[in-house]
Amino acid sequence: MILRADALARQVDYHGQTLTILHQASLSVAAGESVAIVGASGSGKSTLLAILAGLDPASSGEVWLDGQALSALDEDGRALLRRDRVGFVFQNFQLMPQFTALENVMLPLELAGRSDARAAASAMLQRVGLGHRLDHYPRHLSGGEQQRVALARAFVVRPTLLFADEPTGNLDPATGRQVIELLFQLNAEAGTALVLVTHDTALASRCAAVYRLNDGRLQREAT
Amino acid sequence: MSRLSLQMGWRLLRRELRAGELTVLLLALLVAVTAMSSVAFFSDRIEQALTRQASQLLAADLVSNGNRPPPDAWRRHAAQRGLQQAESATFPSMVFAREQAVLATLKAVTAGYPLRGEVQLRTPRGVQEGRLAPAPGELWADTRLLQKLGLRLGDSVRLGNVSLRLSAELLREPDGAMDLYNFIPRALFNHADLAATGLVQDGSRVRYRLMVAGDAASVAGYRQWLAPRLDQRTRLEDVEEARPEVRSALERARRFLGLTALLSVLLSAAAVALAVRRYLARHWQSVAVMRALGQTGGEVALVWGSLFLWLALVAGVLGTVAGYGVQAGLLRLAQQWLGSGLPAPALAAWLSGPLSALILLAGFALPPLLALRRIPALAVLRADMPTSGRSLPAPLLAVLALLGLAAWQVGDGTLALWLLGGLAGFLLAVGLLAWGVVRLLRRVPLSGAVGWRHGAANLARRPWLAVIQIAALSVSLMALLTLTVVRDDLIGAWQKSLPADAPDSFLINLQAPQQATLDTLFARVGRSAPQAAPMTRARLLSINERAVKGSDYADERAQRLAEREFNLSWRAAPPPGNGFAAGKWWPAGSTQPAFSVEQGLAETLGIRMGDVLAFDIAGKRWQAPVTSLRKVAWDSFQPNFFVIAPQGWMGGESASYITSYRAPDKDFNNRLVAALPNVTVIDISVIVREVKAVIGRLALAVETMFSLALAAGVLVLWAALAATRDERQFDVALLRALGASRQQVRAVILAELAWLGGLTGLLAGIGAMAIGSLVAVQLFNLPLAPNLWLPLLGALCGGAVVGLAGWPLLRKITRTPPTDILRNS
């Protein structure tokens, strides 16, 4: 198993009252497997994603990422794990506006101290079809192009696990479809496991497993 | 403004201050108010002191000032008109006590002195003030003289041939307290003792003053009678023209401090503008909510308007208190020239601080504030701040506010325009340079650690903000580097330009028969005595029979040289170290009339080879052709003369003698003056030390004001960093999500600060280097090798300032949790 979550819960204190955002959520993702998490707004999708990716700690329960228990790691330890194993694609692309497309893709390689960052990033941008826009800044790219840069950034480190948070949420349907095709292609090529958070059931159905989050409770749907 | 909105504004102010939302804005206003009010206090008190002291500055209503004792007829006529009179004779001389000699300015005064103003003394019975003059046999010395000689009241002090009893410490004398270059100690004694001292001899540099006072008509009548009787060596002084040099020097100082204050205000204004923009960008949603709840646009603007009004008041009061403190410090530095007991500042000076806070806020906060009225209630549903049409041309209002402040500061609208334009132009030039460097930074491919490239990219991401920060900080940093490092470099270069064996002492007032004593004194230490040169006062009467008048010359220096006496000497052999630009020296033993003229003087007065000059020396006319033009090295520390005549022709005239030498040992000058009490020894090292101290004090005053400007620059930095806080938080969250360690995040942020500080300091260092070289060549005629350490030192200082000021603000951001990246979606 690349990712295993066991009885995850998340509570927050609000003016002395304890609110439970996540109840006993469990799931597992095998190497190369794709899993979708669907749910309405406010169902706790982002909280679950943050906990699974080690961005935020759980109140109770445990997450094993590539065999490592996240609760045993401090923040920098979790960052190191993310750097080496995890890729992200966000709804808002989240590219650094002060960096060119190439520099954005180089960033995770540089953080890992890779000396071939420029060449590897350049090759990855060629792969997503943006070889001619290496030196363009995000503000000069269309939404679809920005998301393709984000895909290149996510896959350039050859992650074992990719988290995608509503990757088509900010794109028109046609562009969204193109981006999703590219995502699945890259995923297949790299043999990366995928956790896809979406409210789009059609998109979710392309994944091997679908989990539904309802009011903080996670349930696997029959496929 | 209604009571309710004032109350709401006050409540809002307290809450926002506690939440830290207004910190930068408040500090920026504080710096501006401190700068404005300190200069306002300073100039107001000096102005008042000058006005009040005007008649006291002369110690009389009318004074004749000359280098001969006033004729008896002048005294008799003053008495006939019923005027009070007193006299003084002022000259430099050595004062002895406890086996030591110190050069002092001595003033012998008659009973009745001062006719106007008061003397302040410390006697064993306490501090006394009044129209007081020392009794015969007594001497009053100022604090500096007491300290230098280690004197106590009651001690015996020797002046030339007489011993006087030190009976009081002179705290203030009306006509001696405000000489800007007055770093030589002073003492007062009775005129009756003057002759017995034997200090006044032929060629001595004595100023004789006849002071009169009385009713205006009598003084005017006396003036009318006296004016046509004055000779070239005597001038009249009255209240109107009292101490113009002091007035203009203080006026220059005031202008300069005002300019520095203006720089602080300009930089603070930039910080205010940035801070107001950020504040309103963060609060427009509250406005929209209030609008949705049914408040009118006007009411909303009133609430926030009263918030800013309260803010101006708080900053105004606190800044005025701080400004008073700064001003007190400035005045302490200038106390030596101003004396103590300055009048309290006038009401206008107290108001200047709060008013400048109001004007700044009106110029920079009013336009966005008025735009608040236009935020529609519908905006609650929107995510972006609605950009409504501006109700007032904002930049115009800001420029008007700054111009108003500047005009008020310098008291002259046109000048204010020039000053502000100059400052703005300078800032613009620095800004353009910074813009180029920032652009370049983005183009240079940087390899190596991720932090450096990331930091550089962050800076280039918001080039305008970077430029504003760099310009704001580097200007004040440049000034401070110039005032500290470059100043020391200049003094060092000057000292190095002097040969090691350059004379360190000048000896004046030597009489011809005393050369033998001088020879003996030097022989005792195994050295040969320097040959003293004769010196007499001469006035140029005519060139080629044409009378010389000051009004014939446009040049100020030429006017002065034409009107006044200058030193003339005679010799047989050419002076060592002089070269010849034209003609040649006369044969040894020549008795032919001839003059050798210094080249520069000849140029200034339009004298050519062969011209026939006529001089008046002690009432006798001397006429001769110019037979040579000499080149003189004025910084050689040798006695040099504008005009020299052949020994064989003029040698019989009476003169005092001058020479210079390097003192063989520390005590030599004391022994020399003990043996020759009438001579005056000027120890150059002491004077250099005093001049350095004076420059140090002046520089400290200016540095104080530039430190305020630096503080304003730091506030611009803060405001800019605060304005970009949200973007930075996003950056950090993303970096953390992508797996950056905390250390890497810190490196990125520190690298940006390092780039910012380094560039700022580099520009400042290069600027200071350029200013230093320019000043050295233009003003001091010194070849000053550019101090190549300056750019490095500047970069280090800049890095330190920006790092220390910026890091505390950004440290919190490095702790942004990575999960924020999802909230942003």
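If you read the protein sequences in the order shown, they are chains G and C.
So the first sequence is numbered by our numbering: it starts at 1 and just counts up by one.
So the second sequence is numbered by our numbering: it starts at 224 and just counts up by one.
Backbone N, C-alpha and C define an ideal beta-carbon position, used for all residues, glycine too.
{"Query": "Neighbourhood of residue 391(C) by C-beta distance below 6 Å, restricted to the same chain and skipping five residues each side", "Result": "344, 346 and 363"}
{"Query": "Buried versus exposed, by CB contacts within 10 Å (16 or more), residue 211(G)", "Result": "buried"}
{"Query": "Exposed unless 16 or more other CB atoms sit within 10 angstroms - verdict on residue 1(G)", "Result": "exposed"}
{"Query": "Residue 479(C) versus 1000(C), 646(C) and 226(C), residue with shortest Cα-Cα distance", "Result": "646(C)"}
{"Query": "Chain C residues whose Cβ lies nearer than 7 Å to that of residue 46(G)", "Result": "1045"}
{"Query": "Contact set between residue 80(G) and chain C, taken where Cβ atoms lie within less than 9 Å", "Result": "962 and 964"}
{"Query": "Cβ separation of residue 796(C) and residue 785(C), assumed to be a contact under 8 Å, to the nearest whole Å", "Result": "Residue 796(C) to residue 785(C), Cβ: 30 Å. No contact."}
{"Query": "Alpha-carbon to alpha-carbon, residue 900(C) and residue 883(C)", "Result": "17 Å"}
{"Query": "Own chain, CB closer than 7 Å to residue 757(C), minus 5 neighbours either side, in chain order", "Result": "792, 793, 878 and 880"}
{"Query": "Continuous beta strand (DSSP E) assignments of at least 3 residues falling wholly in the stretch 615-657 of chain C", "Result": "none"}
{"Query": "DSSP bridge partner residues for residue 219(G) (one or two, in chain order)", "Result": "212(G)"}
{"Query": "CA-to-CA distance, residue 248(C) to residue 621(C), given in whole angstroms", "Result": "16 Å"}
{"Query": "Cα-Cα separation between residue 450(C) and residue 1009(C), rounded to whole angstroms", "Result": "54 Å"}
{"Query": "Residue interval of the beta strand (DSSP E) (run including residue 93(G))", "Result": "Here residue 93(G) belongs to no beta strand (DSSP E), and DSSP marks it neither H nor E."}
{"Query": "Sheet register partners of residue 10(G) (DSSP bridge)", "Result": "22(G)"}
{"Query": "Which listed residue (229(C), 954(C) and 488(C)) has its alpha carbon closest to that of residue 1092(C)", "Result": "Here chain C covers residues 224 to 1048 and nothing more, so residue 1092(C) does not appear."}
{"Query": "Per-residue burial, residue 74(G) [other beta carbons within 10 Å of its own, 16 or more giving buried]", "Result": "exposed"}
{"Query": "Residue 1041(C): contacting residues in chain G (beta-carbon distance under 7 Å)", "Result": "55"}
{"Query": "Simplified DSSP state of residue 922(C), which is helix, strand or coil", "Result": "helix"}
{"Query": "Simplified DSSP assignment, three categories, for residue 839(C)", "Result": "strand"}
{"Query": "Cross-chain neighbours of residue 120(G) in chain C, by beta carbon under 9 Å", "Result": "Those within 9 Å of residue 120(G) in chain C number zero; the least Cβ separation is about 15 Å."}
{"Query": "Continuous beta strand (DSSP E) stretch holding residue 317(C): start and end", "Result": "307-320"}
{"Query": "Bridge partners - residue 728(C), DSSP secondary structure assignment", "Result": "884(C) and 906(C)"}
{"Query": "Integer-rounded CB distance, given that residue 868(C) should sit under 8 Å from residue 818(C)", "Result": "6 Å"}
{"Query": "Unbroken stretches of the alpha helix (DSSP H), 4 residues or longer, contained in the stretch 513-561 of chain C", "Result": "520-556 and 558-561"}
{"Query": "Chain-ordered residues of the stretch 14-36 of chain G with a beta carbon less than 8 Å from chain C", "Result": "none"}
{"Query": "Pair within 8 Å by beta-carbon distance, residue 855(C) and residue 846(C)", "Result": "no"}
{"Query": "Coarse secondary structure for residue 2(G), derived from DSSP in three states", "Result": "coil"}
{"Query": "Integer Cβ distance of residue 80(G) from residue 964(C), believed to fall under 8 Å", "Result": "7 Å"}
{"Query": "Cut-off 6 Å between Cβ atoms - residues of its own chain near residue 138(G), not counting five sequence neighbours on either side", "Result": "95, 97 and 146"}
{"Query": "Neighbour-count burial assignment, residue 976(C), 16 or more Cβ in a 10 Å radius", "Result": "buried"}
{"Query": "Segment limits, beta strand (DSSP E) that includes residue 745(C)", "Result": "Not the beta strand (DSSP E): residue 745(C) falls in the alpha helix (DSSP H), residues 738-747."}
{"Query": "Start-to-end residues for the beta strand (DSSP E) that takes in residue 901(C)", "Result": "Run containing residue 901(C): none; DSSP gives neither H nor E here."}
{"Query": "Residues that DSSP places opposite residue 165(G) in a beta bridge", "Result": "197(G)"}
{"Query": "Nearest to residue 85(G) (by Cα), restricted to the options 126(G), 57(G), 31(G) and 205(G)", "Result": "31(G)"}
{"Query": "Cβ-based burial, residue 749(C) [other Cβ within 10 Å; buried from 16]", "Result": "exposed"}
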